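Only one structure is covered here, and it is reproduced in the block below.
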Amino acid sequence: MNTIPLQLQVNGEAHDVLVEPHWTLLHVLRQQLGLTGTKENCLEAECGVCTVLLDGKAVNACILLAVQCRGRTIMTIEGLGRPGRLHPLQQAFIEHGAAQCGYCIPGMLLTAKSYLDEHPGEVPDPAAVREAIAGTLCRCTGYQKIVDAIRAAATRMREPA
Amino acid sequence: MALPNRFAVVGHRLPRLDAPAKVTGTQTYGTDVILPGMLYGKLFRSPVPHALIRRLDVRPALAIAGVRAVITAADIPNTRYGPAVKDMPALATDRVRYIGEPVAAVAATSVEIAERAVAAIEAEFEPLPAVFEPEAALAPDAPLLHPDWARYQALPILARAGNVASHSRIHHGDVAAAFAQCFRVYEHRFTTPVVHAGYTEPRAATARWEGDGSLTVWSNGQLPYEVQATLADILQLPVSLIRVLVPGIGGGFGGKLRIALEHHAALLSRAAGRPVKLVSTCEEELTAAHPRQASIITLRTGIGRDGTLLAKQARVVMDCGAYAGSGAGTAAVALQIVAGPYRTPNLLLDGFAVYTNKVPTGSFRATAGPMGNFAAESQMDIIADDLGIDPLELRLRNVVRDGDSGPAGEPLSAVSVEECLRKAAHAIGWHDRRPGPGRGKGIACGWWMTTGGSSGVYVKLNADGTATLSSGAVELGTGALSGACQVLAEELGLPLDAIRISAVDTAGVPYDYGAQGSRTAFSVGNAARAAAATLRQRIAGFAAARFGVAPERVTLAQGHAVAGTESIAIAEVARLIQLAGGGLIAHGTFIAPAPPHDAARVDNHPLPAWNTPSFHAHAAEVSVDTETGEIIVERYVVAQDVGFAINPTGIEGQIEGGVAQGLGQALSEEIVFHEGRVVNANLTDYKMPTAMDVPSIESILVEHASVAGPFGAKGVGEPPCIEPLATVANAVAAATCVRITDLPITAEKICRRLFERGADNVPPVGQPSPAQV
């Protein structure tokens, strides 16, 4: 199989990788870069656990070819925040009990970040949050505490630092 | 409002201990395991539902570059395994019994190569007559799935015959005599389909053989000790040579109770001499995992003129698929569920687990609970409407109360179903049951067990003053282990963030019956209490000797051992004992005593009386678009008796998530078969609720303290998915006068029934069929 050299900007860092043309971004993130915080499940863009940000927009990494990401910026859960320096969304998810098994949570958090970034200064109503995260399945929480956490984070992000 | 909390840690809304790892993507799951030299496994699965294997040629697969091993039944020990009936081979031997049954396994250097190798395997099958419906499988001339059934090992309590993997019965009084004297006798038949637990992390297993002949397996199963024991059976190895680690689980809900891919990984790894990892695809999950049984439930219920339940007869048929799996227990537990939390003087309840040529089933949250409750609680509403009694009132006239007996004659205590019903009804606004056109409210109640089984924990006091809990119970997402840690922290006078949870590794953690059956916080919590008592005693003894006081005078609080004005940090105690006494580790154990019951009432039932039952009631308001049949759940209320709420936030999370799963089963989820083949094996066509399909859920925590649970807690995790099916069915019936008895309640079914009825013709609710008595 022919391999293609590719530079990916992931979480603010440049990565030179050799990819096969059919490899998905998900495959490269998990297998080549070791960024296993991005999860894998259905591989057909139905469950949303593989959601990452591509140029700030939420995308399903399982159906995006890595070669389509040349010259674009990618954020995975590892780039959102880390213990001791959590993003307000992460902090709110902890405080509201929004994570149970946690497998959908990286995708859920990045979906929420994408939505809040598109609606700066707003605290979306619950229905808007539910619509925003409808592409990511969570089987544990019934979504309620996730909705609560996203709205709490939006409130916190609106306050002056 | 709740009483003020007199405890420092339990009863508080504290963040679960694993939350930081889970929001930062640093939690490791079974799918994340990568080992040096690791190969990838794939399974060659049967394309036919029932056949003899006439030819199997794996040589074309072995010839592919990158393929390191191909195995068939001829290459592995000829053993069968299963939790109740040992009927399942690791790889099909002479015959296949369902589409998707593993026949051969391949290990290769990449997933793609393994897939190509699987496609290259050549096989010829000689079709056998297949049976897809359990009623057909019960016919005397039905094809036998397991001609050797009588030679299988099985739990001695099971009654088996031919395609019946298990038949359980609960009986009391004389139903025939009672029916003859009833004011009305109602008979209805309810069906529910196969549904998948829907965990977001697929099943995964990685295995590696070590130089000393031992095996290490990384599993995302719920029961590491059962995985170990099952592997020992399959591999013919002593359990001590099998080490099972559970790095993390992306949801299980019972669907990951049974061994899944661990044995295939182990067998392939032995053949290839390298570590092997397998991960299920979405299609494999929906065609060949361990979904919930389909059920057919026929209820015959006799009632007095005043609405008193006098007799109930039930025939529960669980379609367990090609292998028994959890079918025996499910068919048996269904009997307590269809009896319900009601006084019924005459009972005759039969449960059958029946083999068919379909995917073998397993357990899914509350096993038979949702199916049995759907039938029993739908019928209660049908009866209420026919008698002109309010459905809430009919239930209140019949519910069990403290001092009553359960179906097996077991005495019931801390009974709270009336309070749950009243609270749920009040919260939903029951006085206005049909608030407008196309709108209706439904209510349902039920009960469930706190599963028993033994728990062992080690609690180690660390030199920094923290404590580490080691348990064979894994954290599959429920937060139950954090709940057990709250119990431990309370007992040790430590804050929750001073408790650590050790990695799950059968080489180090004590036995636990496992994260199943709403038992983890209850049972591990109690074991942790026992360990804490030992630690307290030793800390107090140590401190008392230093203070020169009697040990009884020493108390533990806020990380210190205190007696009068004397005080020493627990950390200092731990450090000194570590230096001088080999450290401070306590072994705590617990097993719930088997509840007493009347053995004459039960035949061949593995769970005749339930440990610490919980009671609950759900209420919903729905709107139904009478043009399109679309159902929207507008409001949803749960009143659940949790005994004592160890962590209210965590419990609400269980309720909200369980209801969402129940709503999926009520309204949209169904694995659809055509002649044994799943036709919707993807998440586009297997519809689980999204955030837009689930309403905001109001949780009312009722606390009737149990005798046995830590601080009075009862099992919490499974019950929330039991009642939504009946609750929604009853609400839809109230909204439309259409009674759906076959799940899921789809828009198409509503539309068809409304169309058949005609727009102007408003019939009576339900379809009672008074028997000829």
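Chains as they are written, first to last, in our numbering: chain A, 1 to 161; chain B, 1001 to 1773.
Quick reminder that beta carbons are idealized off the backbone N, C-alpha and C, glycines included.
Keep in mind the model is a prediction, meaning the values are calculated, not measured.
Residue i at chain B interface by Cβ criterion, 8 Å
i      : result
A/T155 : no
A/G102 : yes
A/G37  : yes
A/G12  : no
A/R82  : yes
A/R130 : yes
A/A134 : yes
Beta-carbon proximity list for residue i, same chain, < 8 Å, skipping 5 on both sides
i       : result
B/A1092 : S1046, I1053, A1073, E1101, P1102, V1103
B/E1283 : A1681, N1682
Straight-line Cα distance separating residue j from residue i
i       : j       : result
B/A1691 : B/L1743 : 21 Å
B/L1309 : B/F1190 : 20 Å
A/A45   : B/A1574 : 51 Å
B/G1559 : B/A1515 : 30 Å
B/V1504 : B/D1512 : 11 Å
B/A1498 : B/A1229 : 33 Å
A/C69   : A/D117  : 21 Å
B/G1440 : B/P1695 : 15 Å
A/P120  : A/V147  : 17 Å
B/G1369 : B/R1601 : 21 Å
A/A164  : B/N1005 : For residue 164 of chain A there is no data in the structure shown, the boundaries of chain A being 1 and 161.
B/I1539 : B/T1468 : 16 Å
B/Q1767 : B/V1276 : Model confidence at B/Q1767 stands at a pLDDT of 40, short of 50, so the residue's coordinates are unreliable and nothing is read from them.
B/T1206 : B/Q1027 : 17 Å
B/I1740 : B/A1120 : 47 Å
Own chain, CB closer than 7 Å to residue i, minus 5 neighbours either side, in chain order
i       : result
B/A1008 : E1490
B/V1067 : A1061, V1106, A1108, I1113, A1117
B/P1734 : It should be noted that the sequence gives Ala, not Pro, for residue 1734 of chain B. Cβ neighbours of B/A1734 beyond the five flanking positions: R1433, R1434, G1440, K1441, G1442.
B/R1080 : K1086, D1087, M1088, P1089, Y1152
B/A1136 : A1142
B/P1015 : none
A/S26   : Reading the sequence as shown, one finds Leu at residue 26 of chain A and not Ser. Closer than 7 Å at the Cβ level, and outside the excluded window around A/L26, lie T38, E40, C50, A61, C62.
B/L1701 : Q1640, V1642, A1645, P1648, I1651
Contact with chain A by residue i, beta-carbon distance below 8 Å
i       : result
B/I1697 : yes
B/R1292 : no
B/L1683 : yes
B/E1656 : yes
B/G1477 : yes
B/G1250 : yes
B/T1466 : no
B/R1519 : no
B/V1317 : no
B/P1495 : no
B/T1191 : no
B/M1038 : no
B/Q1661 : yes
B/P1000 : Outside the displayed span of chain B (1001 to 1773) sits residue 1000 of chain B, for which this structure offers no information.
B/P1020 : yes
B/P1202 : yes
Extent of the continuous beta strand (DSSP E) run through residue i
i       : result
B/E1124 : 1122-1127
B/F1352 : 1346-1355
A/Q7    : 4-10
Close Cβ partners of residue i (< 6 Å) along its chain, the five nearest in sequence each way excluded
i       : result
A/G97   : K145
B/V1672 : V1679, N1680
B/A1726 : N1373, F1374, E1377, S1378, A1444
A/I77   : G37, P106
Boundaries of the alpha helix (DSSP H) in which residue i is found, first to last residue
i       : result
B/G1662 : 1648-1667
A/E78   : 77-80
A/S114  : 105-118
B/H1264 : 1262-1272
is_contact[residue i, chain C] using C-beta, thresh 8 Å
i     : result
A/I74 : Note that chain C does not occur in the displayed structure, where the protein chains are A and B.
Between the stretch 1626-1640 of chain B and the stretch 1159-1172 of chain B, can you find at least three pairs of beta-carbon atoms closer than 8 Å? When C-beta atoms of the stretch 1159-1172 of chain B are compared with those of the stretch 1626-1640 of chain B, fewer than three pairs fall below 8 Å, so the two segments do not count as touching.
Are three or more beta carbon pairs between the stretch 1179-1194 of chain B and the stretch 1265-1285 of chain B nearer than 8 Å? No, the stretch 1179-1194 of chain B is not in contact with the stretch 1265-1285 of chain B.
Would you call the stretch 1316-1331 of chain B and the stretch 1341-1353 of chain B touching, i.e. three or more CB-CB distances under 8 Å? yes
Between the stretch 148-158 of chain A and the stretch 77-91 of chain A, are three or more C-beta pairs nearer than 8 Å? yes
When the Cβ atoms of the stretch 1564-1572 of chain B are set against those of the stretch 1542-1556 of chain B, are three or more pairs found closer than 8 Å? Segments in contact, yes.
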